[in-house]
Amino acid sequence: MRRPASNTLWFWIFVGPFAAGLALFTYVPLLWSVYLSFFDAHNTVSPTDFVGLDNYTAMLRDGAFTSSLGTFAVFSLFIVPATYVLALALALMVNRTRRFQAFFRSVFFLPAACSYVVAALIWKLSIFNGVRFGLANTVLGWFGVDQTAWLSTTHPPWYWLVIVTVRLWLQAGFYMILFLAGLQRISPRLYEAAAVDGARPGWQVFRHITFPQLRTTSVAVVLLLVINAFQAFDEFYNLLSDARGYPPYARPPLVYLYYTALGQGQNLGMGSAGAVILALIIAVVTVFQARWFGLGRKEAEA
Amino acid sequence: MTISRRALLGTGAALGLLTACGSNSGRDKGGSADGEVALAHWYHQYGESGTEAAVRRYAAAYDGAKVTVQWRPGNYDQQTAAALLTASGPDVFEVNGPTLDQIQGGQVTDLTALFDGVKDDFNPAVLAPKTYDGKIWGVPQVVDTQFLYYRRSLLKDAGVQPPGTLDELVDAARALTRNKVKGLFLGNDGGAGVLGGTPLYAAGLSLVTGDGRAGFDDPAAARALGKLRTLYTDKSLLLGAPSDWSDPSAFVQGLTAMQWSGLWALPAVQQALGDDFGVLPFPKDGPGGKPSVPVGAYAAAVSTRSKRQAEAKAYVKWLWVERADFQEDFALSYGFHIPARLSLARKAAKLRQGAAAEVVGLVTENGYAQPLLWTPTMQSAYQDALSRIIKDGASPDGELKSVIRKTNDELQRVKKR
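The structure is reproduced here in structure tokens:
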């Protein structure tokens with residue numbers, strides 16, 4: 091029989107490198123970033139000028155940063171329910187499919203395997219480019235509609251159509267898989283009992299059996315969606331940036347922090363303060379949401 | 489010695505971790521196998537074919553050190569800015585600057601001594617933004633410039649003369665806009681990114697005054713920027729083109745009658761359109777205005793984190809001060825740029841005829857360079873304001889007031905450093 095010490099050794103052999111990597115590449119930079127946020131850190135990661143909370147107050151007074159937070163609060167209020175509804179609808183549809191279920195599951199999941207950068211470039215250059223040979227403009231041209239500069243038109247804000255459709259295409263399949271897993275965990279006996287009690291298949295069964303049974307999955311999905319919405323970067327950056335920068339509309343907080351800290355400005359103190367503020371907002375929203383949905387509450391209490 | 493299984497596994501895990509932590513910074517360890525000094529030289533990826541092979545050829549021709557060229561695609565400015573924070577960055581690097589913060593932060597070395605006896609031969613317009621505190625922090629490689637291309641045949645068909653004022657540009661763009669051809673292309677953002685201070689200079693103003701204040705605290709600034717909004721509301725601007733302003737594709741494909749682009753695009757435009765095009769400065773605006781042509785220069789700089797600064801400086805001097813043949817080849821054999829050395833620019837045959845000669849004349853007459861005191865923070869505040877003015881119809885007066893406040897605050901900060 092092996093001694094416990096041996097198990098400990100194996101534990102560290104397998105977990106140690108990953109734990110060390112996590113500490114080195116995640117926790118140390120994170121703590122260093124918090125440290126930098128209290129210093130005047132222009133073009134340096136080892137600053138000496140302590141400025142207290144100045145970077146935080148400057149960041150909170152910075153109209154560009156606060157407007158990016160506001161924009162993304164609105165964005166998350168839209169994209170979270172939209173993705174939730176689409177992913178759930180796809181999952182219900184695939185779950186009910188008798189034939190080729192694996193095929194449809196793969197088809198809907200496939201976009202999740204696509205890089206955000208690649209998808210953004212396809213949307214930008216092929217589908218929604220603003221000239222006559224863009225796919226969207228070609229199709230609209232058949233109906234006599236003038237060409238539209240999708241990413242450059244702010245009134246109406248067509249750029250949101252491009253951003254939202256690429257994001258929905260990319261992420262709905264992933265959340266559909268989560269919902270499918272949740273649907274397959276629901277006991278068939280519940281549906282049988284409901285049928286015996288006279289529940290009509292369709293909306294009534296969905297409302298009283300399926301939806302309540304998906305509560306834990308729904309909580310996880312909503313949490314992930316909110317965090318993803320505030321961490322949006324890739325598709326926004328690749329759709330809207332150019333060599334000279336990024337337009338102020340639809341600028342995600344992370345893109346703004348990227349330009350502040352890693353752009354030519356190299357204000358690592360301000361950038362770090364912004365990152366801490368954003369992390370705190372995400373943490374507070376997540377905790378609030380978790381409590382709202384009763385995450386971790388025992389089923390019996392629910 | 490017998491190695492236990494535990495020791496072997498432990499060693500393997502440690503080596504695995506160390507391997508995972510490794511990175512290819514592109515910097516050599518300081519010396520090649522034969523004891524020769526090794527230097528890493530970074531360039532941003534140029535669009536013109538042949539440039540990469542050329543700079544590798546120059547590096548190979550240097551006898552004083554083994555120079556490794558890194559040709560870096562992507563966000564080069566961000567890459568170098570981040571690399572300068574660590575010891576794994578380049579020894580010598582091309583920089584669209586250096587910026588004031590890079591100089592004040594001690595990230596680049598003083599190269600003043602390299603200019604002994606030749607300083608007057610460098611184009612003063614691009615040398616000035618490399619100079620701070622009486623010292624020179626980068627060796628200008630070539631002069632790049634931007635201007636307006638226009639299609640002669642389209643203007644003739646529409647009965648439009650090449651515009652000489654900003655009002656005429658607005659009218660011309662409107663008249664040239666047809667069903668499938670737009671009048672003017674200033675970039676997919678309507679000009680907010682690329683134009684920068686150009687409309688302000690065209691209105692007779694500047695970004696920063698000689699005594700270090702915002703140079704556009706004047707009603708003429710709001711008036712000029714408001715006209716860019718008119719271009720947008722007139723639907724005269726091409727927006728959403730597959731390639732942006734720096735690429736002449738939209739112009740040569742006939743998507744636009746006029747395009748703001750750069751000298752580097754001249755060979756491609758000539759090849760596609762022959763002599764069916766002309767060049768213009770950004771037109772003047774108002775009684776105090778003057779035509780405006782922005783000029784800039786990538787420079788060769790030496791990182792203060794380099795352990796071989798003396799060797800790096802010697803190499804920069806050899807390549808960008810002494811080897812006039814390489815400088816001329818780099819400027820004129822691939823894309824199209826004006827050599828930073830006045831003597832080379834004067835004798836370059838390719839710059840003495842046609843549109844190229846006109847552009848050289850525009851640079852001489854109307855060229856302005858972004859001042860060193862104009863920091864990225866001011867630039868991004870100004871660019872945001874310009875975007876809101878052009879696309880959202882925000883009040884130019886109100887937007888400019890906010891930028892002026894931010895600019896003066898930022899100028900105070902950099903003066904204190």
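Heads up: the protein sequence lines correspond to chains A and B, in order.
Okay, so the first sequence: first residue is 91 according to the numbering used here, each after it adds one.
Okay, so the second sequence: first residue is 489 according to the numbering used here, each after it adds one.
By construction, the Cβ of each residue, glycine as well, lies at the ideal position given by its N, Cα and C atoms.
Here the structure is a predicted model, which is why all the values come from computation and not from measurement.
Residues bridged to residue i [DSSP beta-bridge criterion]
i              : result
residue 862(B) : None, per the DSSP bridge assignment.
residue 638(B) : 746(B) and 766(B)
residue 791(B) : 596(B)
residue 559(B) : 531(B)
residue 725(B) : 672(B)
residue 140(A) : 129(A)
residue 620(B) : 623(B)
residue 632(B) : 784(B)
residue 826(B) : 631(B)
residue 543(B) : DSSP output for residue 543(B) lists no bridge partner at all.
residue 554(B) : 526(B)
residue 610(B) : 829(B)
residue 300(A) : Paired residue(s): none; residue 300(A) is not in a bridge.
residue 256(A) : Beta-bridge pairing links residue 256(A) to no other residue.
residue 772(B) : 653(B)
Residue closest to residue i, alpha-carbon to alpha-carbon, out of the options
i              : options                           : result
residue 340(A) : 304(A), 302(A), 260(A) and 243(A) : 243(A)
residue 380(A) : 351(A), 310(A), 326(A) and 361(A) : 310(A)
residue 302(A) : 277(A), 328(A) and 288(A)         : 277(A)
residue 613(B) : 892(B), 889(B) and 860(B)         : 860(B)
residue 632(B) : 749(B), 882(B) and 690(B)         : 749(B)
residue 534(B) : 607(B), 900(B) and 542(B)         : 542(B)
residue 127(A) : 114(A), 267(A) and 142(A)         : 142(A)
residue 786(B) : 584(B), 565(B) and 554(B)         : 584(B)
residue 581(B) : 529(B), 554(B) and 546(B)         : 529(B)
residue 151(A) : 363(A), 383(A) and 374(A)         : 363(A)
residue 271(A) : 149(A), 158(A), 372(A) and 181(A) : 181(A)
residue 343(A) : 156(A), 186(A), 312(A) and 283(A) : 156(A)
residue 839(B) : 546(B), 620(B), 752(B) and 905(B) : 752(B)
residue 125(A) : 205(A), 209(A), 145(A) and 232(A) : 145(A)
residue 546(B) : 726(B), 877(B), 846(B) and 805(B) : 805(B)
residue 879(B) : 811(B), 783(B), 674(B) and 591(B) : 674(B)
residue 863(B) : 550(B), 587(B) and 579(B)         : 587(B)
Same chain, Cβ closer than 8 Å to residue i, neighbours up to 5 away in sequence not counted
i              : result
residue 110(A) : none
residue 841(B) : none
residue 778(B) : 689, 690, 692, 772 and 854
residue 511(B) : Annotation note: pLDDT 42 at residue 511(B) (below 50); position unreliable, coordinate value reported separately. So the qualifying residues of the chain are 576.
residue 273(A) : 181, 182, 185, 300 and 304
Close-in-space but distant-in-sequence residues of the same chain around residue i (CB under 7 Å, 5 per side omitted)
i              : result
residue 294(A) : none
residue 170(A) : 312, 315, 316 and 319
residue 140(A) : 128 and 129
residue 248(A) : 238 and 240
residue 724(B) : 661, 662, 665, 670, 671 and 672
residue 178(A) : 269
Terminal residues of the beta strand (DSSP E) in which residue i lies
i              : result
residue 580(B) : 580-583
residue 783(B) : 781-784
residue 336(A) : From DSSP, residue 336(A) is part of no beta strand (DSSP E); its letter is neither H nor E.
residue 857(B) : 855-857
Start-to-end residues for the alpha helix (DSSP H) that takes in residue i
i              : result
residue 359(A) : 358-383
residue 348(A) : 343-352
residue 690(B) : 686-690
residue 898(B) : 884-904
residue 805(B) : 797-805
residue 169(A) : 153-186
Own chain partners of residue i with C-beta closer than 6 Å, once the 5 adjacent residues on each side are dropped
i              : result
residue 866(B) : 895 and 898
residue 891(B) : 869, 870 and 873
residue 875(B) : 680
residue 289(A) : 295
Between the stretch 556-566 of chain B and the stretch 752-770 of chain B, do three or more beta carbon pairs fall short of 8 Å? In this structure the stretch 556-566 of chain B does not touch the stretch 752-770 of chain B; the number of beta carbon pairs closer than 8 Å is below three.
Taking contact to mean 3 or more Cβ pairs, one atom from each stretch, closer than 8 Å, check whether the stretch 656-673 of chain B and the stretch 827-836 of chain B are in contact. No, the stretch 656-673 of chain B is not in contact with the stretch 827-836 of chain B.
Quick one: any contact between the stretch 812-820 of chain B and the stretch 730-742 of chain B, if contact means 3 or more CB pairs under 8 Å? The stretch 812-820 of chain B and the stretch 730-742 of chain B do not touch, with fewer than 3 CB-CB distances between them shorter than 8 Å.
Determine contact between the stretch 875-888 of chain B and the stretch 710-720 of chain B, defined as no fewer than three beta-carbon pairs at a distance below 8 Å. The answer is yes - the stretch 710-720 of chain B touches the stretch 875-888 of chain B, with three or more Cβ pairs under 8 Å.
Meets three-Cβ-pair contact criterion under 8 Å: the stretch 864-880 of chain B and the stretch 672-682 of chain B: A contact exists between the stretch 864-880 of chain B and the stretch 672-682 of chain B.
Should the stretch 891-905 of chain B be called in touch with the stretch 698-708 of chain B, which here means at least 3 C-beta pairs below 8 Å? Put simply, the stretch 891-905 of chain B touches the stretch 698-708 of chain B. At least three CB pairs are less than 8 Å apart.
Assess contact between the stretch 344-357 of chain A and the stretch 236-251 of chain A, defined as three or more Cβ pairs (one per stretch) separated by less than 8 Å. Is contact present? No, the stretch 344-357 of chain A does not touch the stretch 236-251 of chain A.
Contact between the stretch 256-274 of chain A and the stretch 197-211 of chain A is defined here as three or more beta-carbon pairs at a separation below 8 Å; is this criterion met? Touching, per the Cβ criterion.
Using 8 Å as the threshold, is the stretch 312-332 of chain A in touch with the stretch 158-166 of chain A, meaning 3 or more CB pairs across them? Contact holds: three or more Cβ-Cβ distances are below 8 Å.
Counting Cβ pairs closer than 8 Å, one from the stretch 613-627 of chain B and one from the stretch 586-605 of chain B, do we hit at least three? Of all C-beta pairs linking the stretch 613-627 of chain B to the stretch 586-605 of chain B, three or more are shorter than 8 Å, placing the two stretches in contact.
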